Amino acid sequence: MKAKLLLLSVVAWLCWSCNDQCKETRVVRRFSTVTRSLMELRTMVKAESPRTLQQPGKMYVKGKYLFVNEIKKGIHIIDNSNPASPEFITFINIPGNGDIAVRDNILYADSFCDLVSIDITDPMEPKEVGRVKNVFKVGLFDGGGWSLNESVGSITDQDVEWVTETVTVNCEENISPNWWGGVIWMLADKASFSGSSSASPQSSGGTNGQAGSMARFALDRNFLYAVSQSEMHLFKIDKPAQPVDFATINLGWGIETVFPYNNKLFIGSSTGMFIYDNTNPAEPKQLSNFQHGRACDPVVVHEDIAYVTLRTGTACAGSQNQLDLVDISNPAAPQLIKSYQMANPHGLSIDFPVLFLCEGEHGLKVFDVTDKFSVDRNQLAHFKDMHAYDVISLGKTLLLIGDDGFYQYDSSNPKDLKLLSKIPVGKAI
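Numbering (the numbering used here), first residue to last: 1 to 429.
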């Protein structure tokens with residue numbers, strides 16, 4: 001009996017020694033559930049003193065003013081009369097904000113479940129002038145979801161905290177596929193509810209601003225379009241200060257972005273690109289759905305070509321990091337022209353023939369896309385000294401936003417961008 005016990009002990013010791021233990025450091029998200037009163041949230045939209053960038057999200061430009069979303073917190077208004085020295089002038093506190101659009105002197109913003117209209121005639125003193133209540137039902141910020149509980153008048157929200165933890169794992173079997181050098185990174189997208197275009201704004205009786213390719217808001221004639229994770233909401237804005245919830249179109253799950261171009265709406269989703277005929281802006285009609293593998297995919301358009309980026313490392317999962325060029329000369333039957341491998345492509349902007357493409361932590365790439373079959377052989381530049389999330393080309397000026405701040409460049413020579421200014425995250429104002 002003693003011999004058997006000794007043998008078992010030896011076998012157990014050998015098994016332990018075969019399974020070496022490793023330390024794995026993980027940067028992960030921790031979630032805490034919070035209930036927020038709608039009555040209280042609806043009293044919180046107001047102008048405040050300028051504040052520093054902490055977690056920048058989407059951006060929008062209208063005239064000499066820049067509007068930069070502070071994820072889930074509100075919107076910075078920046079006087080950009082001198083791009084070399086932008087000046088923070090106001091912060092609009094908007095709880096649960098992720099998107100922006102501006103028509104004339106009215107700014108539209110989501111606030112969790114509501115669409116809020118804000119008069120910015122005096123950017124120093126913006127004022128709420130309208131609100132459509134309970135129109136958005138669920139949403140997502142940094143992987144933390146929220147949902148509307150209409151019966152009790154509250155938002156069930158998840159606060160997200162990024163923490164570093166060290167755990168013991170089996171060296172042979174339990175190393176995470178995202179492990180590298182003892183550190184595992186868990187990534188997520190910035191914001192979405194249920195993030196218009198860098199194309200020329202379409203309007204009737206009003207002047208629109210411009211947004212990046214990650215936008216979930218788009219303006220076209222007398223309508224504001226807002227895509228949630230599964231729907232497109234149409235708001236009639238012939239009375240801009242008082243938008244009306246006009247219609248809702250079911251799109252299926254995984255909707256991410258919307259881009260208006262030449263009486264069409266190009267809608268990016270985690271599984272493909274929808275094209276809608278928007279000749280009648282009150283009644284968009286689906287023409288086609290260009291499908292791809294599961295991945296996030298913002299889209300921009302120039303003439304008969306759509307430029308679509310697919311990326312991994314996000315809530316969209318998938319295994320593709322590429323730029324797709326899609327022939328949309330027949331929008332009812334889009335055809336893939338060619339795919340180009342990228343590192344981790346995010347937002348993009350086209351100022352034909354130049355395409356600016358954000359590569360996340362890999363910086364910004366610039367391509368000449370004149371030859372649609374040789375884009376990879378016509379890379380004009382690769383700038384690696386910034387994190388690049390989204391970009392807007394304004395002719396000779398380029399606006400870029402990333403996790404580390406907001407950049408402006410003189411892009412007169414796209415091969416040699418000249419930094420005009422940078423507003424880093426956390427910089428004192």
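Backbone N, C-alpha and C fix where the C-beta goes; we use that ideal spot for every residue, glycine too.
Since the model is a prediction, treat every value here as computed from it, not as a measurement.
For Met273, the enclosing beta strand (DSSP E) stretches over residues 272-277. Counting only unbroken stretches of 3 or more residues, the beta strand (DSSP E) elements lying wholly within the segment 38-104 are 46-48, 56-62, 65-70, 74-79, 87-93, 100-103, in sequence order.
Residue Thr248 holds the alpha-carbon nearest to the alpha-carbon of Leu224 among Thr248, Gly212, Ser230, Met214. The Cβ-Cβ distance between Gly153 and Ser37 falls below 8 Å. Look at Asp376 here: in three-state DSSP terms it is helix. In this model, Thr312 and Gly57 are separated by some 19 Å (Cα to Cα).
Per DSSP, the beta-bridge partners of Glu231 are Asn250. Residue nearest to Asp142 within the set Val354, Gln158, Asn134 is Gln158 (criterion: CA-CA distance). Taking 8 Å as the upper bound for CB-CB distance, Ile267 and Val308 are not in contact here, some 11 Å apart. Annotated as distal: Ser269 and Ala333, with beta-carbon spacing of 8 Å or more. Per DSSP, reduced to three states, the secondary structure at Cys358 is strand. Here DSSP, grouped into helix, strand and coil, assigns Arg216 to coil. Put simply, the segment 43-58 does not touch the segment 412-422. Fewer than three CB pairs are less than 8 Å apart. Counting only residues of its own chain and dropping the five nearest sequence neighbours on each side, Glu48 has a CB closer than 7 Å to the CB of Phe91, Asn93. Counting along the chain, the unbroken beta strand (DSSP E) around Ser339 starts and ends at 335-341. With fewer than 16 other CB atoms across the displayed protein chains lying within 10 angstroms of its CB, Glu165 is exposed.
DSSP places Ile255 in the strand class (E or B) of the three-state scheme. Leaving aside the five residues that flank Lys127 on each side, the residues in its chain whose CB is nearer than 7 Å to its CB run, in chain order, Ile118, Asp119. With respect to Tyr65, Ile100 sits apart: the two C-beta atoms are not nearer than 8 Å.
Burial state of Ser81 is exposed, judged by a 10 Å Cβ sphere holding fewer than 16 other Cβ atoms. Counting only residues of its own chain and dropping the five nearest sequence neighbours on each side, Ile78 has a CB closer than 6 Å to the CB of Leu66, Pro86, Phe88. A residue is called buried once 16 or more other Cβ atoms fall within 10 Å of its Cβ, and Trp253, having fewer, is exposed. For Phe112, there is no enclosing beta strand (DSSP E), as DSSP marks it with neither H nor E.
The residues Leu53, Asp404, Gly405, in chain order, have a CB closer than 8 Å to that of Pro424 in the same chain once the five nearest residues on each side in sequence are set aside.
Across the structure, Asp245 and Ser151 are spaced so that their CA atoms are roughly 20 Å apart. Gln242 is not bridged by DSSP to any residue. For Gln286, the enclosing beta strand (DSSP E) covers residues 285-291. DSSP places Gly363 outside any beta strand (DSSP E), giving it a letter other than H or E. When Ile155, Pro260, Asp297 are compared, the shortest CA-CA separation from Pro281 is found for Pro260. For the pair Tyr108 and Val167, the Cα-to-Cα distance works out to about 45 Å.
When rounded, the separation of the alpha-carbon atoms in Leu234 and Asn170 is 52 Å. Counting only the Cα atoms, Leu394 lies some 12 Å from Pro414.
Shortest Cα-Cα distance from Phe31 to any of Glu40, Asn105, Val68, Gly145 involves Gly145.
For Ile392, DSSP records a beta bridge to Leu399. Counting along the chain, Val167 sits inside the beta strand (DSSP E) bounded by residues 154-170. DSSP places Thr309 inside the beta strand (DSSP E), whose first and last residues are 305-310.
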